[in-house]
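As structure tokens, this is what we get:
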């Protein structure tokens with residue numbers, strides 16, 4: 060089996076699907092950016108420092124992966140985008156708050172993110188902490204105030220997002236475990252668990268929220284959960300690989316930082332080649348978990364194309 | 060008019076009411092502490108560092124003022140404590156997260172809180188940031204998962220809490236404005252606005268959440284909002300005064316810090332004597348706003364006693 064991503068690209072992406080995905084991604088990003096602009100306070104609203112810092116971080120050229128996934132899953136199950144958009148933005152707010160806090164000097168100490176100064180470099184540490192805090196609050200406010208959805212759905216979404224963002228089952232638990240694991244040996248099982256929490260939990264929540272809003276069945280929700288879990292793994296492994304193989308320009312952040320900090324990464328544990336095999340295996344499992352949808356007469360091309368897209372990402 | 064707090068104590072507190080309040084406070088604190096213990100992960104749950112840090116900060120001898128107020132208002136309007144407790148804890152989680160982040164070196168840089176080491180001194184900055192982040196998430200999770208309340212009520216509570224905790228109408232906006240105001244002259248109007256956001260918003264939310272859970276009428280909610288707004292003002296002014304008059308031992312934190320940081324405070328703007336007059340005026344307005352409740356045949360002794368209690372607090 061050839062494990063190079065370039066070959067994998069040729070094997071998995073039919074041209075039509077790639078074009079569909081590109082159109083979906085570019086249209087959806089525009090929708091998401093417009094919704095984020097509507098939901099967040101203008102820079103001119105006092106206190107202007109924190110609102111300017113929030114917008115600096117939210118509109119920094121992010122890939123909008125979690126919103127895209129939420130919308131793709133929701134649309135797969137037949138929901139209209141306008142029902143999905145605000146929750147999609149809430150997940151992007153949670154993701155952005157975590158980046159702002161992660162970049163702080165006492166955390167990963169990153170000066171560069173998506174090709175420009177991180178929030179604390181631009182606005183100072185105190186404002187960056189507050190911007191992150193406010194973004195988390197905005198995420199829950201956004202869902203709570205989304206009157207297009209029933210109260211029962213909103214409560215279910217908020218519970219889902221909070222479990223995936225906090226501790227002990229979510230993103231903050233992953234970040235804390237990651238800190239605990241620095242400068243000591245971790246087992247493969249521990250590494251999987253760190254990734255599952257740190258990156259996977261919020262990606263799974265994005266997919267599940269899309270399915271919940273669309274009123275997916277219990278079986279469909281289980282399928283989507285497994286698909287998203289593999290997608291999260293795929294995402295983290297490509298991140299680890301890019302950290303050691305990509306340039307700062309392509310990455311938009313400082314490469315090689317994980318390695319220098321002796322972070323628990325797949326390449327550190329398995330080596331680059333075996334890590335690439337893990338990648339292809341996660342991709343195959345993600346696609347297999349979509350088979351049930353086909354049997355339920357759902358179209359799953361978009362979700363398959365997303366799995367391909369992550370496998371092949373260069374930044 | 061004699062503006063000394065000691066005289067005010069004699070004037071406003073009938074012995075029976077003081078005893079009632081003391082019993083209410085001690086019973087309610089026990090209930091709240093037990094509920095917080097139930098709602099938050101044990102220290103032994105991994106990642107243990109962040110859960111130990113969360114409990115260090117939550118169980119640090121806090122006064123539980125926001126939960127007490129929520130329960131007092133809810134019970135005034137006839138709700139059973141078990142319906143109020145989880146939301147009361149959510150407000151305490153928001154409050155505690157804000158203290159943990161406020162104490163960080165880039166913010167107020169406090170080593171001491173409630174008589175012991177602050178979270179970042181004890182566990183390091185990275186863990187303190189994550190503990191605060193997780194506590195905020197827990198607050199929303201707690202309300203979203205409170206199945207004793209209808210979904211419609213939970214959504215209303217989450218919207219209320221998020222507006223009072225974030226920006227531009229809540230606590231984080233107050234903290235950001237406070238930072239912006241450091242080392243420059245502020246007007247009395249700006250000072251009122253900073254306090255209203257930084258401390259007042261969450262206190263108002265606590266009172267309103269109690270009233271909402273109890274199904275208070277629109278008029279009752281308006282009355283309670285005004286009462287709590289004055290209570291918030293009272294709370295902030297006593298805080299400012301204590302910062303310059305109390306000892307570290309009585310205060311459990313480093314006194315005089317506001318003054319040295321040239322923070323916008325009432326005594327800095329008006330002097331100590333005029334600030335004490337403000338205090339009594341806020342107390343009188345708080346009590347007056349409860350008059351409507353009497354006309355609606357509600358008992359308001361407990362809420363009056365709380366206003367007295369803050370007026371007289373020594374720490």
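Protein chains in written order, with the numbering used here: chain A, 60 to 374; chain B, 60 to 374. Ideal Cβ positions, reconstructed from N, Cα and C, are used throughout, including at glycine.
Bounding residues of the alpha helix (DSSP H) (the contiguous stretch that carries residue 240 of chain B)
Unbroken alpha helix (DSSP H) run through residue 240 of chain B: 230-240.
Is it the case that the Cβ atoms of residue 134 of chain A and residue 164 of chain A are separated by a distance below 9 Å?
In this structure, the beta-carbon distance from residue 134 of chain A to residue 164 of chain A does not fall below 9 Å.
For a quick check, are the C-beta atoms of residue 153 of chain B and residue 198 of chain B less than 9 Å apart?
Contact check for residue 153 of chain B against residue 198 of chain B passes: the beta carbons are separated by less than 9 Å.
Tell me the DSSP secondary structure of residue 361 of chain B in three-state form.
The three-state reading of DSSP puts residue 361 of chain B in helix, counting H, G and I together.
Return the CA-CA distance between residue 232 of chain A and residue 233 of chain B, expressed in angstroms with no decimal places.
Pairing residue 232 of chain A with residue 233 of chain B, the inter-Cα distance amounts to about 29 Å.
Among the candidates B:171, B:136, B:205, whose CA atom is the shortest distance from the CA of residue 149 of chain B?
Residue B:205 is the option with its Cα nearest to residue 149 of chain B.
Anyone know if the C-beta pair for residue 77 of chain A and residue 131 of chain A falls short of 9 Å?
Contact flag unset, no.
Where residue 188 of chain A meets chain B, residues with beta-carbon distance less than 8 Å:
Among the residues of chain B, those whose CB is under 8 Å from the CB of residue 188 of chain A are 160, 163, 165, 166, 188, following chain order.
Would a check of beta-carbon distances place residue 225 of chain B closer than 9 Å to chain A?
Taking Cβ atoms only, chain A reaches closer than 9 Å to residue 225 of chain B, which makes this a yes.
Taking the alpha carbon of residue 207 of chain A as the point to measure from, which residue in A:250, A:302, A:146, A:260 has its own alpha carbon closest?
Taking the Cα of residue 207 of chain A as reference, the smallest distance to any Cα among A:250, A:302, A:146, A:260 is reached at A:146.
At 4 residues or longer, what runs of the alpha helix (DSSP H) sit wholly inside the segment 180-230 of chain A?
Counting whole runs of 4 or more residues, the segment 180-230 of chain A contains the alpha helix (DSSP H) stretches 184-203, 210-224.
Chain-ordered neighbours of residue 199 of chain B on chain A, where CB pairs are closer than 7 Å:
Result: 199, 217, 221.
Stretch-stretch touch, CB-based, cutoff 8 Å, three pairs: the segment 213-221 of chain B with the segment 232-252 of chain B
Taking 8 Å as the limit for Cβ pairs, the verdict is that the segment 232-252 of chain B does not touch the segment 213-221 of chain B.
Who are residue 175 of chain B's beta bridge partners in DSSP?
Residue 175 of chain B is bridged to B:172.
My output table needs one value for residue 89 of chain B: the three-state DSSP class, helix, strand or coil.
Note: residue 89 of chain B maps to helix in three-state DSSP.
Any chain B beta carbon closer than 9 Å to residue 272 of chain A:
No, its Cβ sits nowhere closer than 9 Å to a Cβ of chain B.
Which residues, taken in chain order from the segment 236-252 of chain B, show a beta carbon closer than 8 Å to some beta carbon of chain A?
Against chain A - using a Cβ distance shorter than 8 Å - the residues of the segment 236-252 of chain B are 236, 238, 239.
Measuring only the C-alpha atoms, how far is residue 173 of chain B from residue 121 of chain B?
For residue 173 of chain B and residue 121 of chain B, the distance between alpha carbons rounds to 7 Å.
Report, in whole angstroms, the separation of the C-beta atoms of residue 352 of chain A and residue 249 of chain A, which I expect to be a contact under 8 Å.
Under the criterion of beta carbons closer than 8 Å, residue 352 of chain A and residue 249 of chain A do not qualify as touching, at roughly 32 Å.
Comparing the C-beta of residue 69 of chain A with each C-beta of chain B, is any distance below 9 Å?
Because the pLDDT of residue 69 of chain A is 34, which lies under 50, any placement of that residue in the model is unreliable, and the number read from its coordinates should be weighed accordingly. Not flagged as an interface residue toward chain B: residue 69 of chain A, since no C-beta distance is shorter than 9 Å.
Flag this pair as yes or no: are the beta carbons of residue 272 of chain B and residue 216 of chain B separated by less than 9 Å?
Taking 9 Å as the Cβ cut-off, residue 272 of chain B and residue 216 of chain B qualify as a contacting pair.
Would residue 108 of chain A count as contacting chain B if we go by Cβ distances under 9 Å?
For residue 108 of chain A, the answer is yes, since a Cβ of chain B falls inside 9 Å of its Cβ.
Suppose you measure from the CA of residue 102 of chain A to the CA of residue 115 of chain A; what does that come to, to the nearest Å?
Spanning the two alpha carbons is a distance of roughly 9 Å.
Just to make sure I have the definition right: I need the residues of chain A whose C-beta is within less than 7 Å of the C-beta of residue 146 of chain B. Which are they?
Within 7 Å Cβ-Cβ: nothing; residue 146 of chain B doesn't reach chain A, min ~13 Å.
With DSSP as the reference, label residue 69 of chain A as helix, strand or coil.
Summary for residue 69 of chain A: the model assigns pLDDT 34, below 50, so the residue's position carries little reliability; its value from the coordinates is reported in the next sentence. When secondary structure is reduced to three states using DSSP, residue 69 of chain A falls in the helix class.
Who are the near neighbours of residue 225 of chain B in its chain, counting only those whose CB is closer than 6 Å to its CB and skipping five residues on each side?
Shown here for residue 225 of chain B: same chain residues with a beta carbon closer than 6 Å to its own, the five before and five after excluded, namely 231 in chain order.
Own chain partners of residue 142 of chain B with C-beta closer than 6 Å, once the 5 adjacent residues on each side are dropped:
Closer than 6 Å at the Cβ level, and outside the excluded window around residue 142 of chain B, lie 207, 272.
Anyone know if the C-beta pair for residue 177 of chain B and residue 235 of chain A falls short of 9 Å?
Not a contact, by the Cβ cut-off of 9 Å.
For residue 126 of chain B, report the span of its alpha helix (DSSP H) as first-last.
Here the alpha helix (DSSP H) through residue 126 of chain B covers 124-135.
Are the segment 257-267 of chain A and the segment 283-296 of chain A touching, with three or more C-beta to C-beta distances below 8 Å?
The segment 257-267 of chain A makes contact with the segment 283-296 of chain A, as at least three CB pairs between them are under 8 Å.
For a contact meaning CB atoms closer than 8 Å, what does residue 195 of chain B contact in chain A?
Residues of chain A whose Cβ lies closer than 8 Å to the Cβ of residue 195 of chain B are, in chain order, 192, 195, 196.
Should residue 295 of chain B be flagged as near chain A, meaning a C-beta pair shorter than 9 Å?
No, no contact with chain A.
Please confirm whether residue 204 of chain B has its beta-carbon closer than 9 Å to some beta-carbon of chain A.
It does: the Cβ of residue 204 of chain B has a partner Cβ on chain A nearer than 9 Å.
Which word fits residue 81 of chain A, buried or exposed, when buried means at least 16 other C-beta atoms lie within 10 angstroms of its C-beta?
Its Cβ having fewer than 16 others within 10 Å, residue 81 of chain A is exposed.
Could you have a look at residue 251 of chain B and say whether DSSP puts it in helix, strand or coil?
The answer is helix: DSSP assigns residue 251 of chain B an H, G or I state.
To which residues of the same chain is residue 247 of chain B closer than 7 Å at the C-beta, ignoring the five residues directly before and after it?
Answer for residue 247 of chain B: 328, listed in chain order.
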